[in-house]
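Student: In our numbering, the protein residues as written are 910 to 1061.
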């Protein structure tokens, strides 16, 4: 009887460890660190313009999607899929643009003829920069940049 109980306990522990590993690996795949891919940036025959965020929120300890910049883009222009955060002029990180464009978000009102779009930076990247002592640079608008081109 005791031998059967030991086998059941070992089986249950094995099952729990497999399920736990599966859950952890699934979590890590949900939030990948975005690499700067060439296809994420528009190349235009016309002039390309750049914008810096109107507001930056850096609260990675609150959870995912709490490190972002609110960019103001003129109507009639489309923004790149990615934005860049450049630290120390050589350390470049990319984030993704949220697809929802709005006139008011995160306490920022868009000027007439403009719309707002949120650029999300990966929480792990933000935490890594803060741990390296670069949190103040992360909060500087001139370090964040998104490109946009005319829709024509």
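Idealized CB from N, CA, C, for every residue including glycine.
Apart from the five residues just before and just after residue 957, which ones in its own chain have a Cβ nearer than 8 Å to its Cβ?
Tutor: These residues qualify, in order along the chain: 951, 1056, 1057 and 1058.
Student: I need the DSSP call for residue 912, collapsed to helix, strand or coil.
Tutor: Reduced to three states, the DSSP call for residue 912 is helix.
Student: I believe residue 1029 touches residue 986 by the beta-carbon criterion, under 8 Å. Please report the beta-carbon distance rounded to the nearest angstrom.
Tutor: Actually they are not in contact, since the Cβ atoms of residue 1029 and residue 986 sit about 20 Å apart, beyond 8 Å.
Student: Run through the stretch 978 to 1005 for me and flag every whole beta strand (DSSP E) of 3 or more residues, listed as ranges in chain order.
Tutor: Those beta strand (DSSP E) runs which fall completely within the stretch 978 to 1005 and span 3+ residues are 986 to 988 and 991 to 996.
Student: Can you tell me which of the three DSSP states residue 903 falls into?
Tutor: Nothing about residue 903 can be read from this structure; the chain reaches only from 910 to 1061.
Student: Three or more C-beta pairs closer than 8 Å, one from the stretch 1040 to 1056 and one from the stretch 995 to 1006: is that the case here?
Tutor: Yes, they touch.
Student: Among the residues of its own chain, which have a CB less than 7 Å from the CB of residue 939, if the five just before and after it don't count?
Tutor: Reliability of the predicted coordinates at residue 939 is poor, the pLDDT of 43 falling under 50, and no value is obtained from them.
Student: Does DSSP classify residue 1009 as helix, strand or coil?
Tutor: It is a strand residue.
Student: Should the stretch 1040 to 1048 be regarded as contacting the stretch 1013 to 1022, the criterion being three or more beta carbon pairs within less than 8 Å?
Tutor: Cβ pair count under 8 Å is below three, so no.
Student: With DSSP collapsed to three states, give me the class of residue 1052.
Tutor: Helix.
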